[in-house]
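Heads up: the protein sequence lines correspond to chains Z and L, in order. Using my numbering, you'd call the opening residue of the first sequence number 277 and step up by one each time. Using my numbering, you'd call the opening residue of the second sequence number 50 and step up by one each time. Every residue, glycine too, gets a C-beta built ideally from N, C-alpha and C. None of the values given here were measured: they were computed from a predicted structure.
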Amino acid sequence: MKLMMLGWELPPYNSGGLGVACYQMAKALAGKGVDIQFVLPYKARHEDSEKFMEVVAASNTPPLVNDKGEYVAMGAYSGTCPTCQSRECDHAREYGQGFVAATRKYADQVEKLVRRHKLSPDIIHAHDWLTMEAGVRAKEVSGRPLVVHVHATEFDRAGGHLGNPLIHEIEYNGLMAADRIFAVSQITKDIIVREYHIPEDKVEVVHNSLDPDELERTIIETNNYMYAKELRKHGWTVVASIGRLTVQKGLTYLLESAALALAHNPKLLFLVSGTGEQRDQLIELAADLGISDRVVFVGFVRGERWRELYEIADIFVMPSVSEPFGLTALEAAHYGTALLISKQSGVGEVLRNIMRFDYWDTRKLADEIINISLSPSLKKELMEGVKEEYLNFSWNDVAEKLSREYHRVMRGRRRAMHDDSKLHLERVAA
Amino acid sequence: MSKAIVLYMHVHQPWRVREYSAFDTAVDHNYWNEANHHSGANNARILRKVAEKSYFPTNAMLLDMLNSHPEFKLSLSITGTFLEQCEAYLPELLSSFKALVDTGRVEIVGETYYHSLAFFYNRAEFDRQVALHAKKIKDVFGVTPTAFRNTELAYNNDLGRWADIHGYKAVLAEGWDSVLGWRSPNYAYRPVSTQNVKLLLKNYKLSDDMAFRFSNRGWAEWPLTMDKYAGWLDAEPDSPLVNLFVDYETFGEHQWADTGIFEFLRQLPHDWLSRPEHTFMTVSEAADSVEAKDYIDMPHTVTWADTERDLSAWLGNRMQQESQGNIYNLSSAVMETGDENLISDWRRLTTSDHPYYMSTKYWNDGDVHAYFSPYPSPYDAFLYYMNALRDIKYRLMQHNQNHKG
C-alpha cells in the first residue's frame with residue numbers, strides 16, 4: 277500500500293507536538309510495511325525520518341527559525357506567533373493571514389506533484405487543517421480516498437473564543453471531503469460532530485501513543501531544579517505543569533487551586549514551565565494570591581531540563597480547558613509522577629490510574645493536590661499504577677488500527693466506484 | 050535678614066539583580082555580577098556610564114565652585130550601596146567625593162545604608178542599616194551625619210520622633226501642598242511631638258524646575274535662564290530658606306550636558322551670592338540657625354515620588370508587596386546565621402529600587418518607571434528578584450543543616 281501523508285513538520289524542525297506525533301505514527305506504519313511518502317511544505321534533511329520513509333519537499337523554502345535560533349518548521353500552531361507564542365501580537369496577525377496563504381501554496385504544490393505523477397498514492401492521509409486543503413485537492417486530482425486526522429480544531433486553539441473563520445472553513449471543507457476522519461480523542465470527536473456537523477460514524481477515535489523506549493532517563497547528576505530538590509528532602513511536594521502559557525492550558529485555575537492547597541499544606545512548590553502571552557497575567561495572579569514564593573516560573577525548557585522537570589515532580593497537573601490529547605501526560609507517567617488531568621483533556625480517556633477534575637473546579641483540584649501531598653501511599657498507588665498502564669502503550673497498536681482503517685476506506689471506495697459504474701451501465705442499458 | 054539656599058543632592062546606585070533565572074537558584078549565589086556587558090542590569094557598566102556623564106563632571110564642577118565661592122555649601126547623601134560599587138569598580142570616583150567633603154563645606158546626610166524601606170517593615174533592621182551607614186560614612190569621609198533623610202524622603206510623624214530621639218538636628222521631607230496647606234516650605238519646622246529636631250521641607254516647585262522641567266521644551270518657561278530662576282528663588286522676601294533637594298544624577302544623567310544644566314548649576318552661586326544678604330547653608334546649619342516657624346503633623350507617609358507623593362511607586366501592586374513582605378519575613382532568620390555574606394546579600398535585596406522596577410504604574414505609558422528600569426518589564430524584574438529570594442532561602446536551609454548539632 278502506498279500512503280501519502282501530508283504533514284506540516286517533522287522533528288527536528290518541529291514547533292510542537294504535531295511533528296512528534298506524525299513522526300511516531302509514520303515510523304510505526306513503516307514498520308508494518310506501509311510505503312510512505314511524507315510531504316512537507318519546506319525543504320530540509322530529516323535523517324531519522326528518511327531511514328523509514330521518503331520525505332518529499334513540496335517547496336524549496338527552508339524551515340523557519342525564530343529569534344532564539346530554534347527551528348520552528350512552518351509553525352504548526354495556527355495564528356500563534358512562533359516567537360512569542362501569542363495569538364494577539366502583530367506577528368500572529370501576519371502569520372494568521374500568512375498561514376492560510378502558506379497552506380494554499382502548499383496545496384498548489386501538492387496538487388502539481390500529484391498531477392505530474394510525482395506522487396501516486398493509494399490513499400491520502402492529511403494532518404490537521406494546515407494540510408487539509410492539499411488533501412482535498414490531491415483527492416480530486418488522483419481520485420484516491422482521503423483520511424483527515426484531527427489533532428486539534430480551531431475551537432481548541434482559540435481556548436473558548438471563536439477562532440479564525442477562515443480556518444474553520446478550511447476545517448469544515450476538509451472534514452466534509454474526507455472519506456474518513458481520525459480524531460485523537462473522544463473529546464475531539466465530539467467537537468467535530470457538534471461544531472462541524474459531521475455524522476458520528478464517519479469519525480474514528482485514534483488516541484495518540486507513546487513508546488516507552490523512546491524516552492531517555494536522566495542518568496547524570498545535574499544541578500537543575502536544585503531548590504526543588506532541596507525542598508523535597510525536607511518533605512515538600514513538587515507540582516509541575518508543562519505547556520504554553522495560554523488560555524487553552526487553564527493555568528489560572530491551577531494557580532487558584534495552588535492557593536487553596538497551600539492553605540492546608542504550605543510545603544508545596546509549583547514549577548510552571550513554558551512561555552506564552554499569559555505569562556505576565558499569571559505572574560500577577562500568583563502575586564495577588566500571595567503565593568509568589570511557592571510558584572516558580574521556570575520559562576521554556578527543553579532537552580535535559582525538560583525531562584528532569586518530569587523527574588523532579590511528584591505531581592503533574594494538566595489543567596487544560598481544552599486539550600485534544602495531551603501527550604505530555606504520558607511522558608509524565610513515564611518519569612514517575614502522579615497525574616491530575618482535567619476532564620477536558622483527551623489523554624484522560626486512555627488512563628485509569630489518574631485523578632480527574634473539571635478544569636474550572638479549583639476546589640476539587642486543590643483537594644487532589646492536598647491529598648496526594650499528604651498521603652505517600654496514595655501517591656505511590658497513582659504513580660505505580662499509571663506507570664504500569666503506560667507500559668502497554670505502543671505506536672504499533674495505533675499503526676495496526678490505522679492500517680485496518682485504511683483498508684476499510686479503500687474497500688469502501690472500490691465498492692462505491694463499482695456501484696457507480698454499475699449504475700452507469702444500467703442507465704446506459706436503459 | 051539673610052536668606053540661604055539649602056542645596057541637597059542625593060547620590061545612589063542600587064545593586065541591580067542580574068538576569069538571575071530559576072536555574073540559578075540554589076546553584077549560583079552571585080546575584081549582582083551580570084556577565085552580559087550590554088545588560089541593563091550590569092552594575093559595573095552602569096556605574097561607569099553614569100560616572101562619565103554625571104558624577105565626574107559634576108564633582109569637578111562642584112569642587113571648582115567651592116574653591117571660587119567661599120560661601121557656597123551643599124549637602125549630599127550617599128548610600129552604602131553606591132560606596133560599595135565605587136570601591137569595587139571605580140575607586141577614583143570615591144576620591145572625587147572625598148575631595149568635596151574635605152573642603153569642610155559639604156555635609157553628608159544620614160540614611161539607610163541600603164536605601165531600603167526598612168522603616169516601614171522592621172524598625173530594628175532600620176536602626177541597624179542607619180548605624181551601618183553612619184559607620185561607613187565615618188570610615189570613608191571621617192564625618193558623622195547629624196541630619197537624616199529616609200529613603201525617597203519617605204516621612205511621617207514616627208520618623209520625625211525617631212530622628213528626635215536619636216539626636217539628629219534635622220530631618221528632610223517633601224514640602225507637599227496637602228501637608229503644608231497655607232504654609233511655605235521656605236522655613237524650618239518642627240515635627241509634631243518632638244523636642245529638638247527640625248524639619249526641612251523640599252521646595253518641590255523650584256527643585257523640580259531644575260530636576261525635571263529644565264529641558265522640557267513643552268514647558269511654558271523653557272528655556273530656564275538663571276535670571277528668571279533667580280527671580281523665583283527670591284520671590285518670598287521674608288523667608289529664611291530655599292530648600293533645593295534633588296537627585297544628584299539630575300546633573301548630566303537626567304538632564305544631559307547638552308541641555309545646559311551644568312552651566313546653569315555653575316551660575317547658581319555666582320548669581321545668588323551677588324546679593325549680600327544671600328548665602329548657602331548645609332542642612333544641619335540651617336537647622337541650627339533658623340527657628341522653627343510651626344509644627345508639622347504628617348500622620349501619613351509622604352515621599353518625593355510621582356504625583357501621588359506616597360509609597361505607591363514601591364508598594365503599589367501585589368508583586369511589590371509580595372517581594373518586600375517575603376524579604377523582610379526572612380530578616381530574623383538571616384540575622385541569626387551571623388553569615389556576613391548572606392546578610393549582605395539579603396540586605397542588598399532590601400534596596401527600594403527592586404520593588405520600584407516592579408511598578409506597573411504608568412507601565413503602559415513607558416514613563417519614568419520604565420526609563421529607569423534595567424529589565425524588559427516589571428514582571429521580569431519580579432521573577433529575577435523572587436529567584437534570588439528563593440536562593441537566600443536555600444542558603445538559610447543549608448546554613449541551618451550545617452550548624453545543627
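Anything in chain L within Cβ reach of residue i, meaning under 7 Å, just list it in chain order.
{"i": "Z:G566", "result": "E371"}
{"i": "Z:R520", "result": "Residues of chain L passing the Cβ test: none, with the nearest at roughly 17 Å."}
{"i": "Z:E497", "result": "Going along chain L, no residue has its Cβ under 7 Å from Z:E497, so there is no contact; the nearest lies around 12 Å."}
{"i": "Z:E506", "result": "A75, Y443, M446"}
Would DSSP call residue i helix, strand or coil?
{"i": "L:H403", "result": "helix"}
{"i": "L:Y170", "result": "helix"}
{"i": "L:Y204", "result": "strand"}
{"i": "Z:A352", "result": "Only weak support exists for where Z:A352 lies, its pLDDT of 48 falling under 50; the value from the coordinates is given anyway. Three-state DSSP puts Z:A352 in coil, outside helix and strand."}
{"i": "L:R439", "result": "helix"}
{"i": "Z:R618", "result": "Reading off the sequence shown, one finds Ser at residue 618 of chain Z, where the question assumed Arg. Three-state DSSP puts Z:S618 in a strand."}
{"i": "L:T328", "result": "strand"}
{"i": "L:H78", "result": "coil"}
{"i": "Z:I645", "result": "helix"}
{"i": "L:G159", "result": "strand"}
{"i": "Z:I567", "result": "coil"}
{"i": "Z:K655", "result": "helix"}
{"i": "Z:R690", "result": "helix"}
{"i": "Z:V577", "result": "coil"}
{"i": "Z:M277", "result": "coil"}
{"i": "L:D226", "result": "helix"}
{"i": "Z:Y666", "result": "helix"}
{"i": "L:Y411", "result": "coil"}
{"i": "L:E83", "result": "coil"}
{"i": "L:E285", "result": "coil"}
{"i": "L:Y69", "result": "coil"}
{"i": "L:I392", "result": "helix"}
{"i": "Z:D311", "result": "strand"}
{"i": "Z:F601", "result": "coil"}
{"i": "L:S103", "result": "helix"}
{"i": "L:S165", "result": "strand"}
{"i": "Z:I496", "result": "coil"}
In chain L, which residues lie less than 9 Å from residue i when you measure between Cβ atoms?
{"i": "Z:M502", "result": "F72, T74, A75, V76, Y443"}
The ligand HEM heavy atoms versus the CB of residue i: any closer than 6 Å?
{"i": "Z:D569", "result": "The ligand HEM is not part of the structure shown, which contains no ligands of any sort."}
DSSP puts residue i in a beta bridge; with which residues?
{"i": "L:Y57", "result": "L:S124, L:F294"}
{"i": "L:V220", "result": "L:F197, L:L248"}
{"i": "Z:S459", "result": "Looking at the sequence shown, residue 459 of chain Z is not Ser but Ala. Per DSSP, Z:V426, Z:V481."}
{"i": "Z:I591", "result": "Z:V515, Z:A614"}
{"i": "L:Y344", "result": "L:R239"}
Using a Cβ cut-off of 8 Å, pull out every chain Z residue sitting near residue i, in sequence order please.
{"i": "L:Y375", "result": "First, the amino acid is wrong: residue 375 of chain L is Asn here, not Tyr. Going along chain Z in sequence order, the residues near L:N375 (Cβ under 8 Å) are S568, D569."}
In chain L, which residues lie with their C-beta within 8 Å of the C-beta of residue i?
{"i": "Z:I559", "result": "M368, Y428, F431, L432"}
{"i": "Z:A238", "result": "The structure shown does not extend to residue 238 of chain Z, since chain Z is modelled only from 277 through 706, so no value can be given for it."}
{"i": "Z:R555", "result": "Y428"}
So which residues on chain Z does residue i lean against when the C-beta distance must stay under 9 Å?
{"i": "L:H330", "result": "Here residue 330 of chain L is Met; the residue named in the question, His, does not match the sequence. None at all; the shortest Cβ gap to chain Z is about 45 Å."}
Along the region 567-596 of chain Z, what residues have a CB closer than 8 Å to any CB found in chain L?
S568, D569, V572, F573, V574, G575, R581
Can we say the region 453-460 of chain Z touches the region 424-432 of chain Z, given the rule of at least three CB pairs closer than 8 Å?
yes
Within 8 Å of chain Z by C-beta, residues of the region 427-441 of chain L in sequence order
Y428, F431, L432, M435, N436, L438, R439, D440
Hey, is the region 539-556 of chain Z in contact with the region 109-127 of chain L, meaning 3+ C-beta pairs nearer than 8 Å?
Flag = no, the region 539-556 of chain Z and the region 109-127 of chain L do not touch.
Just checking, does the region 288-302 of chain Z make contact with the region 376-395 of chain Z on the three C-beta pairs under 8 Å criterion?
Counting C-beta pairs closer than 8 Å gives fewer than three between the region 288-302 of chain Z and the region 376-395 of chain Z, which falls short of the contact rule.
I'd like to know if the region 332-351 of chain L and the region 233-247 of chain L are in contact, where contact means that at least 3 CB-CB pairs between them fall below 8 Å.
yes
How do the region 390-406 of chain L and the region 370-377 of chain L stand: do at least 3 beta-carbon pairs fall below 8 Å, yes or no?
yes
Is there contact here, the region 356-367 of chain L with the region 95-102 of chain L, by at least three beta-carbon pairs under 8 Å?
no
Counting Cβ pairs, one atom from each stretch, are 3 or more of them under 8 Å apart for the region 508-522 of chain Z and the region 469-486 of chain Z?
Contact fails: fewer than three Cβ-Cβ distances are below 8 Å.
Would the region 306-321 of chain L count as touching the region 274-287 of chain L if we require 3 or more Cβ pairs under 8 Å?
yes
Inter-stretch contact (C-beta, 8 Å, three-pair minimum) for the region 606-617 of chain Z and the region 438-448 of chain Z:
no
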